[in-house]
Amino acid sequence: MRKPVTIRQVARRARVAMSTVSRVIAGKAKVREETKRRVFKAIEELNYHPNSAAQSLVSGASRKLGVMLSRASGYGYPDTMTLELLRGIGSRASRSHYDLLLASGETILEELSSLERLIQGNRVEGVVLFGSEDDERLLDRLEASNFPFVRIGRREFRADIWSVDTDNRAASRDVVRHLLSLGHSRIGFALGPSGLTASWDRLEGYERALREAGVVPAKAWLLESEALMRSAHRSLSLFLGQPNPPTALVLGDDRIGVGVLRILAEWRVPVPEQLALVAFNNSAIAEWTTPSLTSMDIGIDRIGSEAVDLLLRHLQEEEPESRMVIVPHRLVARESTLGIKKPKDILVY
7 MRKPVTIRQV ARRARVAMST VSRVIAGKAK VREETKRRVF KAIEELNYHP
57 NSAAQSLVSG ASRKLGVMLS RASGYGYPDT MTLELLRGIG SRASRSHYDL
107 LLASGETILE ELSSLERLIQ GNRVEGVVLF GSEDDERLLD RLEASNFPFV
157 RIGRREFRAD IWSVDTDNRA ASRDVVRHLL SLGHSRIGFA LGPSGLTASW
207 DRLEGYERAL REAGVVPAKA WLLESEALMR SAHRSLSLFL GQPNPPTALV
257 LGDDRIGVGV LRILAEWRVP VPEQLALVAF NNSAIAEWTT PSLTSMDIGI
307 DRIGSEAVDL LLRHLQEEEP ESRMVIVPHR LVARESTLGI KKPKDILVY
């Protein structure tokens, strides 16, 4: 006996979300005419007869969104950043009366298994995916199943996916311009993991700002964030021990900045007089270090909120002007670059 056609098969044939099929069947508004035609065509071709229980399950009654966490990478999504993202995601989801289901894994295979559990069985309507260095297989699986998702973080060569990020090139450029305005020209830079698009975007912004100021970037000014976390004393010793060492250093995350400040204090290296420091993310801890840490605020909680907002539009089959949402950034200048001057916000438009 032939198995009955499921709503999932209809959604797959029509290339839409299951919740969209349910809305079309229920005659709800906010579904484009072209989308309706595809759904009705799929229903006719497959000879689909809606099951009331299944229809209710996917119509939005469950009101759940999945959040696929990336494996801890130290630099890519530190604990503080993950919490800020989740706060933004949770706040926006709650305002639209959605609950969250979190999933993760210690390996790519475990992540794939967790993702399968999210998208199978109608557990969630859509997924917010925390971008990572090797999430290509996760992206492929989501796209193959026509499952609505939004990725946090721009993905090189995948401009077609729905995603939210900050402009990492511009943010890095503004950090360097801040240091240049304070008289620094030999500026070091801690490069993040090579697999993250953000790492290369920030490096590009750093080098561009230096060249615009007539400064030729030197290879000796570069550090690797991962090496800095593994062996901070050795990395900093080599960095500061070179002839004419940099007078400023750009770090990828506030947590790294806290560790660097501690080592510099041990070595009695004055900050910012001998080495100015700037980090990224502007977490709460940046205000409480001594000296307080200048940091680039990339709007982490807003990135989370915008990701949910974009996903909800995705579920409604609303095509945005751009599938890539850029969240504004701002530099919060503190004592690690300004010395005893009063901290101020530098707004970047």
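If you read the sequence shown in this note's numbering, its first letter stands for residue 7, the second for the next number, and so on.
Cβ atoms here follow ideal geometry from the backbone N, Cα and C, with glycine treated the same way.
Inter-residue Cα distance where the pair is residue i and residue j
i, j, result
"Glu116", "Ser100", "28 Å"
"Ala339", "Thr88", "23 Å"
"Arg160", "Ser151", "21 Å"
"Lys225", "Arg336", "27 Å"
"Leu121", "Val27", "22 Å"
"Leu255", "Val266", "10 Å"
"Ile125", "Gly96", "19 Å"
"Ala204", "Tyr54", "45 Å"
"Thr172", "Arg157", "13 Å"
"Ser110", "Gln280", "43 Å"
"Asp207", "Asp259", "15 Å"
"Val134", "Arg43", "28 Å"
"Glu40", "Gly194", "53 Å"
"Glu131", "Leu188", "50 Å"
"Glu272", "Leu344", "21 Å"
"Glu112", "Glu218", "43 Å"
"Leu216", "Thr296", "28 Å"
"Asp180", "Val284", "11 Å"
"Gln248", "Ala292", "28 Å"
"Asp146", "Ser169", "15 Å"
"Ile114", "Ala282", "38 Å"
"Leu246", "Val22", "56 Å"
"Leu228", "Leu321", "43 Å"
Same chain, Cβ closer than 7 Å to residue i, neighbours up to 5 away in sequence not counted
i, result
"Leu234", "Ala196, Ser241, Ile262"
"Val64", "Residue placement at Val64 is poorly supported in this model, since its pLDDT is 48, which falls under 50; the coordinates are not used for a value here."
"Ile49", "Val16"
"Ser102", "Leu318"
"Leu108", "Val73, Leu75"
Supposed contact pair residue j and residue i - C-beta distance, whole angstroms, cut 8 Å
i, j, result
"Gly72", "Asp140", "Contact doesn't hold; Cβ gap of about 19 Å is too wide."
"Arg93", "Leu118", "Not a contact, Cβ separation roughly 27 Å."
"Ser342", "Val275", "Contact flag wrong, Cβ pair sits at about 12 Å."
"Asp303", "Asn288", "4 Å"
Reference residue i; option with closest CA among the options
i, options, result
"His190", "Val156, Gly132, Ser138, Asn250", "Asn250"
"Pro10", "Leu52, Leu228, Ile269, Arg129", "Leu52"
"Tyr104", "Asp315, Ala238, Leu344", "Asp315"
"Ser311", "Lys36, Met74, Leu91", "Leu91"
"Leu106", "Arg69, Ser138, Arg123", "Arg69"
"Glu323", "Glu149, Thr86, Gly137, Pro154", "Pro154"
"Ser301", "Glu213, Leu270, Val264", "Val264"
"Ile309", "Lys47, Arg98, Leu148", "Arg98"
Chain-order list of residues whose beta-carbon lies under 6 Å from that of residue i (same chain, five-residue window excluded)
i, result
"Val45", "Ala20, Val27, Val30"
"Val221", "Ser191"
"Glu210", "Arg175"
"Gly198", "Tyr81, Ser205, Ser231, Gly258"
"Gly137", "Arg157, Ile158, Gly159"
"Tyr212", "Ser178, Val182, Phe195"
Contact test: residue i Cβ vs the ligand SAH heavy atom, cutoff 7 Å
i, result
"Arg164", "No copy of the ligand SAH appears in this structure; indeed no ligand is present at all."
Neighbourhood of residue i by C-beta, 8 Å cutoff - its chain only, sequence neighbours within 5 removed
i, result
"Gly18", "Looking at the sequence shown, residue 18 is not Gly but Arg. Within the same chain, Arg18 has close Cβ partners Ser151, Asn152."
"Ala67", "Here Ala67 scores only 46 on pLDDT, less than 50, and its place in the model should not be relied on; the value that follows carries that caveat. Taken in chain order, the list of residues that qualify is empty."
"Ser298", "Ala292, Arg340, Glu341, Ser342, Pro349"
Quick test of the definition: if touching needs 3 or more C-beta pairs under 8 Å, does the stretch 238–252 touch the stretch 167–187? No, the stretch 238–252 is not in contact with the stretch 167–187.
Does the structure place the stretch 321–330 close enough to the stretch 162–178 that three or more beta carbon pairs sit under 8 Å? Yes: at least three Cβ pairs fall under 8 Å.
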